[in-house]
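A quick write-up on the structure given underneath.
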Amino acid sequence: MTTTRRASRSTVLGTALRIGATLLVLSPVALTAAAPQQDRTRALEQMLRRFDKNLDGKIDPDEYQRAPRSFRRFDRNGDGFISREDLKPADEAAAPARPTTEQRPPTEEEVEFFETRVRPVLAEACYSCHAETSPRIRARLKVDSVAALLEGGVSGPALVPGDVDGSALIEAVRYEDLTFAMPPSGKLDDDQIRDLERWVAMGAPWPEGPEPSMTMVSVRDSAGGESLEREIDMEEAREFWSFQPVTRPKAPRIDGDRWSWTEVDRFLRAAMDEEGVRPVGDADRLTWLRRVTFDLTGLAPTPEEQKAFERDRSSDAHEKVVDRLLASTAFGERFGRHWLDVARFAESSGMDSNVLYPHAWRYRDFVVDAMNEDMPFNEFLKKQLAGDLLEASGPNERAENLVATGYLALGPKSHNSRDPREFSLNLVDEQIDAMSQGMLGLTVSCARCHDHKFDPIPIEDYYALAGIFLSTETHFGTYPGPGNNHTAELLPLPDGADLPNGPRLTPEIQRTLEQLVQRLEPEPAPPMSGGSGMQRGQMSADERAAARRERLQGQQVAMLKDLLSRFDEDGRALDGNRLTMGAADGTTRDIAVLRRGELNQPGEVVERGIPEVFDHAIEIGEGSGRLGLASWVASEENPLTARVWVNRIWLHLFGSGIVRTPDNFGSGGQRPDHPELLDWLAAELMDSGWSTKSLIRELVLSHAYRLDSEHSTSNHRVDPDVVTLWRMPDRRLEAEAIRDAILQAAGELDRSRPEGSRVGMVEGVLQREQLAELLTSEQPVRSVYLPNLRGATIDALGVFDAPDAATVEGDREETSVATQALFMMNNEVVLQASDAMATRLLAFDGTERERITLAYRLALGRDPSSSETTGISRFLKQYEELTPQPEPAPARQRRGRRRTRPSARPDSSRLTPSSPEHAAWAAFAQSLFQTAEFRTLY
Amino acid sequence: MNPFSHPSRRDALRMLSSGFGMLALNGIAASQARQLASAALPGRAKRVIFLCMTGAPSHVDTFDHKPMLTKRDGASLSGFRRGAKLMGSPWAFKPGGKSGLMISELLPEIGKQADHLCLLHGMHTDVPAHAQATTKLHTGSFQFVRPSMGAWTLYGLGTENKNLPGFVTLNPPRNQGGAQNYGSSFLPATVQGMPIKVSGGRRGRRAQDPVADIRNPRQSEKQQRAQLDLLKDLNKANARRRKGSDDIDAVIESYELAFRMQSELPELLDITKEKKRTLEAYGIGGAETDAFGRQCLIARHLAEAGVRFIEVGMGGWDHHRNLREDLPAKCREIDKPIAALLADLARSGMLEETLVVWSGEFGRTPYAQNGDGRDHNNRGFTSWMAGGGVKGGFSYGATDENGIEAVEGRLSIHDWHATILHVMGLDHEALTYPYAGRNFRLTDVHGEVARDILA
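Following this line, the structure appears as structure tokens:
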């Protein structure tokens, strides 16, 4: 049994899980008398590492900076230092007087007080770990009898009858020293603490007689496989395909194979031969051009690019296209967006209160730029996990490294939750989930409450990773206020880094913000009638409500003023806005396993580390261990990282992954269709220095990628899912590509990158619909740069299955529902683009036939057939006849009237009134957007 | 006809738009028709309203009365989950209706409808993880992408109203399997569920217009028809160029359906014409009940209009902590609306041919978590059915006396699916679809109909 490998068995009392800045690894309680020598030594070494700042081997009271009382307890020989001297056996040290065990029988009042005020508290708060009946007695301490309290546990006697301040029990429940605070589930009520103090002061009266018994109910274990408790055989688990080292298999050679051009082709051809299918013919040039242009840039080939490629008959014409596309900035916008799906990127927290993350866009830009620079993929990952800990060559790289760690900070969070420990644990859980699924294709989060159901991830491994992330500070920003109980500072960017300050406030938003400040800013407070010494309890309900309102308004005003202070009066972002979400190392701590995820049942403490199944004896090193983790993720020894990434690339070029569950390479996922090919690609990626672009180049220049998408009945019968890629599967374009292509065909798409994001103009909670609508209203930039708000996905993107960033989404849904048709028929974005495209077509100096051809080139990347042209001609005439001449003035009046009726049609004021000719061309343009062909890559 | 050949989506469409009977008359897709016809049973229900409670409601605090658990409150478990402490339901159970089914005081209004309910106490599922179990609940599989039960039902029975989608899902969650839960997978894309957003009146977005873009702001119907005719021609030309590319048919059909929906759907989603009394009964306008009340009322409209499978979603049942406060609040959100829906359907006689199903993806542990919460429990939980074809005021199956594990009348998700299909008049073993060389079923190779609950 290997699961307790890194469990340290001592000092469980000290593992009381304290999130916040104060969790200690091993508690100093182990230092005190009753603990075994070995534990005491370890505990002391831990304390020295933590507190002995001057490294003299002794901790003086200044270094200790904690409750003096606990200092005195650890300084057992009373020499004014906590040092190795204190480890000497108790009789050598000037031990405190042992408490007397003589007890007088309690009085009736004392019994009643004990039974009503003390025993229930002890039973409720302590017995689960500190009683004879506890499933595990923690820290060898029992509190179910006075004798047991006097005997104490690893930290010595828990009770000195009559001495309130000298009793460890009281010290623990007072929660003064957070390394010695009990119960772990949270501080007792003040009344309860007072009762315990009073009881100790009374001399700790405890009535005779047995503890009222607790029933033990036997519940039969479920049959075999259903039980969640199981032992993991690591040796056997390592045999699983995805944990095996990446090899570099040789591509099969087939005699007389003239079809294959590349190694990739040879793997696929062999698979086809084995299945008995034959590859279909090649796609025509324009089909291939449209395919590769969308795949690499998310945009359609322009009519000029189409012409140039048709004319270029040189033998390397395809290579030239691929190199041009890989070099364009649109490449990063396309593949960057793919990574953003995996990184569950969004600019608000989602969950209950949906707090905005106005600086998240810097991470978005980092991803796009990294893809464009072809940053080695392992370095790309490393920066995201631990960029803050990496060496940087200058301010630019330093800034990039910090921004990259935004990855850890921008996941979904429940800012409204009340329990800070729960918030931290959920934050860490989300980080583990994103990292393990996104980078490793493992669902490690499943092991939060119990050993993983399918994969060799014991619960200890989860908490080993959680320790790394709990030793990390996550800087996600935001302000306190209604709906937000959890905030963190943002990281300032280094001076001299060449980065934009942020978006420019639109006048509308700036005005709104300023007005809000004015409205909320309190009048100078009139003197309160009751005077300032008034007790809280004496305030009336109204007064309390007013005070609360005032406090909340104060918070809002402070937030808005701080926001406005980062912009000048013209709305330009100032240097003060050079902030990023990100991560930094915090206090290093190992944490205890929480079975069933329960906070109040801490188990054994586990050392920070990587999952045991990866048997590389990786040292995670100093600090949080995040750098060690990142280096391991980025390592060539890691069997998963390269496989998972090449599979994602494959998915985006061939429609589905070689592993069809791209976020799950565990046994709950599917096995690779072509294991050897997958390994070959992974090896190729690593050999190229983790160059994403080289691998993509290799793939899109393969013969497999050149194939047509035509059907073949005989092949279909054998391989209906096109596993062997005997043809190019049809793929529906993603939401972003559909929207961008519509705007592009209309001539409306602004290809430049906006500075920042609209979300960067605001702060606070996204609760008001107007705000969401303001932020998500149409903006003619590429979709990747539109606001990405959880729970408020832009309609044009949401309707075609853009992800909500709730979790890693490596393979998007692909639905085909009538809501999409409604969007394409009636949505204003589509109607406006249709108008613009009609204007563009009518501005083109040519015949009707030439205009129709231009429309086809723009929208579908090919020429229309003559029957298509004829049909369209006929349609244009017919539609013109159905369209009345516009009557501008009355039309406006009519709209005005309509607006007052509740059942008004959508506001069409932004749509240009059309001549019948223009309306007909717009309807035709819209039809092109609506075709199956427009949204499909063949 | 080759038995392995893939029926084209066009064939499937024709079957769907005409339903079973028409299918045979039209003499199309012989093998497929035969296959479907062989699945036909004399069913009682014509449609399903599935009230899907994601997050997993606690069965021992709602529909599974456990007096022994209450007695043992605070006791520690040995064996499985050693050390965990049992927590009796903090709420009392009361007999409801003439049948006296025991239902929690948290659901007083549903309690009054007890005589319609058929409680299934023996439910169990594979995995205590939300996403997997939710996908399993909807599709019968959590490892593979498979058609949802709504899609299977629609595929088997066709639609009754060609102007509406045959499978509608109101406010489906984006996570927990997302679109897979209403997806068609290898079945024709046209049997996929259509998601409709219904928002509460206050916080809601476009409360007037639950389906975005349901109207064109400037085209007349004639103009739009002409445009869609052009679109159809263009798509057909494309289908000829790419012979065999099935998605084109689905796109054509989605536009035709959208066009027809424009006239019919807004009316169904409009609740303003309802009587004040009805709105009140459903809790519409109530602070806690407005959102779900709207969904339930719209579900009734859709059922009346002939939608085959309607799913109504309510999440937020994942009470790991703060159970004493949060569970009552959640129950209040659904209690009135569901009771009103049942009463409404019963009054109009529609309940006899409508199967109402209520279920979470699993249940919760009878032992406490975090002192005031309950953990996931896949080993035993309760769902219920009401209406067409099942016994009312009936209780079937049981968990052990603590409520941990289903011990009597055990129903796996496959059994549950088989039973739903059976009530709908479909033989789950005969309702198959050929894909990748074999015939697939909703119930895979499992499933047994719970015959004891059939009326």
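Heads up: the protein sequence lines correspond to chains X and Y, in order.
Count along the first sequence from 1, then add 2; that gives the number in the working numbering.
Count along the second sequence from 1, then add 2; that gives the number in the working numbering.
Beta carbons are placed, not taken as given, at the ideal position from N, Cα and C, and that holds for glycine.
Could you tell me the distance, in whole angstroms, from the CA atom of Glu491/X to the CA atom of Thr480/X?
Locating residue 491/X in the first sequence gives position 489, where the first residue counts as 1. Locating residue 480/X in the first sequence gives position 478, where the first residue counts as 1. The alpha-carbon atoms of Glu491/X and Thr480/X are separated by roughly 8 Å.
Quick one: does the C-beta of Val294/X sit closer than 7 Å to a heavy atom of the ligand GTP?
Absence of the ligand GTP is noted for the structure shown, with no ligands found whatsoever.
Per DSSP, Pro97/Y is paired with what?
Position 95 of the second sequence, counted from the first residue, corresponds to residue 97/Y. Met104/Y.
Around the Cβ of Thr445/Y, are there at least 16 other Cβ atoms within 10 angstroms (buried) or fewer (exposed)?
Indexing the second sequence from 1 puts residue 445/Y at position 443. Buried, since its Cβ has 16 or more Cβ neighbours within 10 Å.
Contact residues within the region 827–838 of chain X, judged by C-beta distance below 8 Å to chain Y
From the region 827–838 of chain X, only Met827, Asn828, Asn829, Glu830, Leu833 have a Cβ closer than 8 Å to chain Y.
Beta-ladder partner(s) of Lys385/X, from DSSP:
Along the first sequence, read from residue 1 onward, the residue named residue 385/X stands at position 383. Lys385/X pairs with nothing; no bridge assigned.
Identify, in the order they occur along the chain, each residue of the same chain with its Cβ nearer than 6 Å to the Cβ of Gln297/Y, setting aside the five sequence neighbours on each side.
Here residue 297/Y corresponds to residue number 295 of the second sequence, with the count starting at 1. Around Gln297/Y: Leu172, Val200, Val314.
Rounded to the nearest angstrom, what separates Arg336/X and Arg784/X at their Cα positions?
For the purposes of this step, residue 336/X is identified with residue 334 of the first sequence, where counting begins at 1. For the purposes of this step, residue 784/X is identified with residue 782 of the first sequence, where counting begins at 1. Rounded to the nearest angstrom, the two C-alpha atoms are 10 Å apart.
Go ahead and label Val451/Y buried or exposed: buried means 16 or more other beta carbons lie within 10 angstroms of its beta carbon, across all protein chains shown.
As a position in the second sequence, residue 451/Y is number 449, starting the count at 1. It counts as buried.
Tell me where the alpha helix (DSSP H) around Tyr284/Y begins and ends.
Numbered from its first residue, the second sequence carries residue 284/Y at position 282. No alpha helix (DSSP H) holds Tyr284/Y; DSSP gives it neither H nor E.
Three or more beta-carbon pairs under 8 Å between the region 798–811 of chain X and the region 358–366 of chain X, yes or no?
no
For the pair the region 540–554 of chain X and the region 431–442 of chain X, tell me if three or more CB-CB distances fall below 8 Å.
Contact check between the region 540–554 of chain X and the region 431–442 of chain X: fewer than three CB pairs, one atom from each, fall below 8 Å, which does not count as touching.
For Thr217/X, count the other beta carbons within 10 Å of its own beta carbon; 16 or more makes it buried, fewer makes it exposed. Which is it?
In the first sequence, residue 217/X corresponds to position 215, counting from 1. Note that Thr217/X has pLDDT 33, beneath the 50 cutoff, so the model's placement of it is unreliable and the number below is only indicative. Exposed is the call here.
Quick check on DSSP: helix, strand or coil for Lys393/Y?
Looking up residue 393/Y in the second sequence gives position 391. Coil, per DSSP.
Would you decide whether Val447/Y is buried or exposed? Buried here means 16 or more other CB atoms lie within 10 Å of its CB.
Here the question's residue 447/Y lines up with position 445 in the second sequence. Exposed: under 16 other Cβ atoms inside 10 Å.
Distance, Thr137/Y Cα to Ser397/Y Cα:
Numbered from its first residue, the second sequence carries residue 397/Y at position 395. Numbered from its first residue, the second sequence carries residue 137/Y at position 135. C-alpha separation (whole angstroms): 26 Å.
Do you know how far the Cα of Arg450/X is from the Cα of Leu26/X?
Locating residue 26/X in the first sequence gives position 24, where the first residue counts as 1. Locating residue 450/X in the first sequence gives position 448, where the first residue counts as 1. Low local confidence applies: a pLDDT of 26 at Leu26/X is under 50, so the model's placement there is unreliable, with the coordinate-based value given in what follows. The alpha-carbon atoms of Leu26/X and Arg450/X are separated by roughly 21 Å.
Environment of Arg412/Y [buried if 16+ CB atoms lie within 10 Å]
Counting from 1 along the second sequence, the entry for residue 412/Y is found at position 410. With 16 or more Cβ atoms within 10 Å of its Cβ, Arg412/Y is classed as buried.
Going by C-alpha to C-alpha distance, which of Ala420/Y, Lys277/Y, Asp402/Y, Gly152/Y sits closest to Pro167/Y?
Locating residue 167/Y in the second sequence gives position 165, counting from the first residue. For Pro167/Y, the nearest C-alpha among the options comes from Gly152/Y.
With a threshold of 8 Å, are at least 3 pairs of Cβ atoms found where one atom belongs to the region 634–652 of chain X and the other to the region 416–429 of chain Y?
no
Run through the DSSP bridge pairs and tell me what Gln182/Y is partnered with.
Translated into the one-based positions of the second sequence, residue 182/Y becomes position 180. For Gln182/Y, which the question treats as bridged, DSSP gives no partner whatsoever.
Range of the contiguous alpha helix (DSSP H) that encloses Val324/X:
As a position in the first sequence, residue 324/X is number 322, starting the count at 1. Residues 319–329.
Can you pull out the residues from the region 862–879 of chain X whose beta carbon lies closer than 8 Å to at least one beta carbon of chain Y?
Residues Ser867, Ser869, Glu870, Gly873, Ile874, Phe877.
Can you give me the Cβ contacts of Thr938/X inside the same chain, cut-off strictly under 8 Å, excluding the 5 residues immediately before and after it?
In the first sequence, residue 938/X corresponds to position 936, counting from 1. Cβ neighbours of Thr938/X beyond the five flanking positions: Asp732, Arg733, Arg734, Leu735.
Positions along the region 250–270 of chain Y whose CB lies within less than 8 Å of some CB in chain X:
Ile250, Ala252, Val253, Ile254, Ser256, Tyr257, Leu259, Ala260, Phe261, Met263, Gln264
Identify the continuous alpha helix (DSSP H) that holds Asp377/Y and give its terminal residues.
Counted from its first residue, the second sequence places residue 377/Y at position 375. No alpha helix (DSSP H) contains Asp377/Y, which is instead part of the beta strand (DSSP E) from 375–379.
Going along the chain, which residues of its own chain have a beta-carbon closer than 7 Å to the beta-carbon of Val324/X, five neighbours each way excluded?
Taking the first sequence and counting its residues from 1, the one referred to as residue 324/X is at position 322. Once the five neighbours on either side are set aside, the close Cβ partners of Val324/X are Val294, Arg699, Val702, Leu703.
Just list the alpha helix (DSSP H) runs in the region 370–445 of chain X, keeping only unbroken ones of 4 residues or longer that don't cross its boundaries, in chain order.
379–388, 397–406, 408–411, 422–442
What residues in the region 223–239 of chain Y have a beta carbon less than 9 Å from any beta carbon of chain X?
Lys224, Gln225, Gln226, Ala228, Gln229, Leu230, Asp231, Leu232, Leu233, Asp235, Leu236, Asn237, Ala239
Residues bridged to Ala388/Y [DSSP beta-bridge criterion]
If you number the second sequence from 1, residue 388/Y lands on position 386. Beta-bridge pairing links Ala388/Y to Leu119/Y, Val358/Y.
Suppose the cutoff is 7 Å on Cβ atoms and the five residues either side in sequence are ignored; what does the same chain contact list for Asp431/X look like?
Translated into positions along the first sequence, residue 431/X becomes position 429. Ser447, Arg450.
Under the three-state reduction of DSSP, which class applies to Tyr940/X: helix, strand or coil?
If you number the first sequence from 1, residue 940/X lands on position 938. Residue state, collapsed to three classes: coil.
Any beta carbon from chain Y within less than 8 Å of Asp797/X's own beta carbon?
For this step, residue 797/X is matched to residue 795 along the first sequence. Closer than 8 Å to some Cβ of chain Y, the Cβ of Asp797/X qualifies, so yes.
DSSP on Phe926/X, reduced to helix/strand/coil?
Mapped onto the first sequence, residue 926/X falls at position 924. Helix.
Spatial neighbours of Gly573/X within its chain, please: CB distance less than 6 Å, with the 5 preceding and 5 following residues excluded, ordered by chain position.
Reading the first sequence from its first residue, position 571 is the one you call residue 573/X. Once the five neighbours on either side are set aside, the close Cβ partners of Gly573/X are Arg506, Leu507, Gln512.
Helix, strand or coil, according to DSSP, for Val175/X in the structure here?
Taking the first residue of the first sequence as 1, we reach residue 175/X at position 173. Val175/X: helix per DSSP, three-state reduction.
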